[in-house]
Amino acid sequence: MQTHFTKAQLEDPQIREADSILRKCVHCGFCTATCPTYVMTGDERDSPRGRIWLMRELLETPESVSADTGYHLDRCLGCLACTTTCPSGVDYHHLIEIGRERLDAKVPRPLADRLMRRILAMVIPRAGRFRLMMRLGRIGALFSPVLPKRMRAALAKLPRTLPTFDRVGRKTMTFRSRTKGTRRVILLAGCAQRALDPRINASTIRVLNKLGVEVTVREEAFCCGALAHHIGDAGAAREAVRATLLSWQEELDKGDVDAIVANASGCGTMVKDYAHMVGDDPELAGIAARVSALARDVSEVIADLPLAGIVTPAPEGRGSITYHSACSLQHGQKIHDLPMQLLREVGYEVKQPVEPHLCCGSAGVYNILQPEMAEGLRQRKLENISRAGAPMVAAGNIGCIQQLDGDIPVRHTIQYIDWACGGPPAV
Ligand code: SF4
Ligand code: SF4
């Protein structure tokens, strides 16, 4: 794609980065077929190619930006399916981040929108606050019919029963392996996940310990910052990223850390991108590069270990599972087959729904900020899952699990692996 930035504009490193990304796009349109929002609306401006065009206009001539640009950029899920499909290697991930940041600086959002985003960025990344909000939300749900649409969507997403609070991550702790092992990892305990389902961290630690891996969780690493980053709260995102990096630096300086493990793929994608995000920040650049190099999804860590050695016998088989491939895992981290391979290795029959590349509509807090599009995608995914015919579903991200859990139970892949290795039943 041709661009027409002025010399003065190109002195800005962010514009230089955007320019080199834009120039890679040849407008072939392959990405449109796998873009969930384009599939749902058929509107070119809801496609990656259309959004790339809108962003070029926004960045080249910010004074001419219209409300339309914000509307269509907001509807992007950030699922990154377009990056998997694009034959030219267009880095849509970082382009949309630049586009959104510039748009927010140019066109202030309505007050109600800003307020909603601020509340989400303040509450969800703190597991304790999030849990309190869930309690209050149950009272708020009584007034649901008279609340604004987005507020209703947020309340509808709250779980019917509150799980016990996840003690993992409340303070710095190390879970030692009884098996003789040589590996040591840092686990990102997560924020929303701790408030929503403590079983995921428990299963992760149990399986890793059985495989001889010592697991350390740092209290200060309370959130990876992804949620605040994606809703445009740069201050809250930086606070979370800085706290996490400095805390992990202390742990890494003790030596012998083999990996930094994320079991929520949205967080894993973010941590793997810390080096890019932090850029040349004098305080954080060095540690961010170390952390990104060590970041792994839990499936990647387990794949390197002798899993077959800890599986319990199941003479009658373990049943079949439909695997839902979270966008942040398959598109963000390019990990699609590996979790299915692990599930098969421990004895499950694994099925895939049709349209496995399409997002379920969760996408962080997209299902709260864009409830209609999110619900359309959820229904489409649920129908595809139901057609696959398995009585259980596995996914590698808490957002997808919350979005899809229902008549057919959805659990984290690690919970099924844990079950097959003598842990508690996943369903
Ligand atoms: S597939 Fe890639 S090169 Fe083709 S239009 Fe989409 S982003 Fe541009
Ligand atoms: S990130 Fe997802 S929703 Fe956004 S343009 Fe790419 S494919 Fe479409």
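All you need for my numbering is the position in the sequence shown, starting with 1, plus 1.
Ideal placement from N, C-alpha and C gives every residue a C-beta, glycine not left out.
Does ligand 1 have even one heavy atom less than 7 Å from the beta-carbon of residue i?
i           : result
residue 21  : no
residue 37  : no
residue 30  : yes
residue 86  : yes
residue 40  : no
residue 360 : no
residue 26  : yes
residue 89  : yes
Could you tell me which of the options sits nearest to residue i, measuring between CA atoms?
i           : options            : result
residue 214 : 270, 311, 191      : 311
residue 198 : 398, 422, 364      : 398
residue 99  : 230, 47, 425       : 230
residue 327 : 152, 175, 362, 139 : 362
residue 193 : 395, 223, 212, 211 : 223
residue 89  : 188, 376, 30       : 30
residue 396 : 417, 62, 408       : 417
residue 254 : 227, 235, 237, 288 : 288
residue 113 : 294, 121, 107      : 121
residue 347 : 365, 126, 392, 422 : 422
residue 27  : 279, 117, 49, 317  : 49
residue 482 : 385, 349, 368      : Since the first and last residues shown for the chain are 2 and 428, residue 482 lies out of range.
residue 284 : 340, 409, 267, 250 : 250
residue 84  : 119, 72, 265, 22   : 22
residue 226 : 67, 61, 365        : 365
residue 268 : 297, 15, 244       : 297
residue 252 : 242, 292, 235, 280 : 292
residue 246 : 59, 305, 278       : 278
Does the distance between the C-beta of residue i and the nearest non-hydrogen atom of ligand 2 fall short of 7 Å?
i           : result
residue 49  : yes
residue 81  : yes
residue 52  : yes
residue 93  : yes
residue 253 : no
residue 77  : yes
Going by DSSP, what residues sit across from residue i in a beta bridge?
i           : result
residue 351 : 322
residue 217 : 175, 187
residue 413 : 396
Counting only C-beta atoms, is residue i closer than 8 Å to chain B at any point?
i           : result
residue 187 : Of the protein chains in the structure, only one exists, and it is not chain B.
Am I right that residue i and residue j are in contact with their C-beta atoms under 8 Å? What's the rounded C-beta distance?
i           : j           : result
residue 206 : residue 176 : 5 Å
residue 204 : residue 332 : At roughly 25 Å, the Cβ-Cβ gap does not stay under 8 Å, so residue 204 and residue 332 are not in contact.
residue 135 : residue 196 : 7 Å
residue 340 : residue 389 : Not a contact, Cβ separation roughly 15 Å.
residue 499 : residue 81  : Outside the displayed span of the chain (2 to 428) sits residue 499, for which this structure offers no information.
residue 76  : residue 38  : 5 Å
residue 336 : residue 301 : 7 Å
residue 173 : residue 216 : The Cβ separation is near 12 Å, so there is no contact.
residue 265 : residue 191 : 5 Å
residue 159 : residue 132 : Rounded, the Cβ-Cβ distance is 11 Å, inconsistent with contact.
With respect to 7 Å, is the separation between the Cβ of residue i and the closest non-hydrogen atom of ligand 3 below this value?
i           : result
residue 258 : Ligand 3 is not part of this structure, which contains only ligand 1 and ligand 2.
Inside the segment 153-206 only - beta strand (DSSP E) runs reaching at least 3 residues: Within the segment 153-206, the runs of beta strand (DSSP E) that reach at least 3 residues and sit entirely inside it are, in chain order, 174-176, 184-189.
Ignoring anything shorter than 4 residues, give me the alpha helix (DSSP H) runs that lie fully in the segment 259-310, in order along the chain. If one requires a minimum length of 4 residues, the alpha helix (DSSP H) runs lying completely within the segment 259-310 are 266-273, 275-279, 286-295, 299-304, in chain order.
At 4 residues or longer, and completely inside the segment 30-76: list those alpha helix (DSSP H) runs for me, N to C. Entirely contained in the segment 30-76, the alpha helix (DSSP H) runs reaching 4 residues are, in chain order, 37-42, 49-61, 68-75.
Beta strand (DSSP E) runs wholly inside the segment 326-381, at least 3 long, in chain order: If one requires a minimum length of 3 residues, the beta strand (DSSP E) runs lying completely within the segment 326-381 are 350-352, in chain order.
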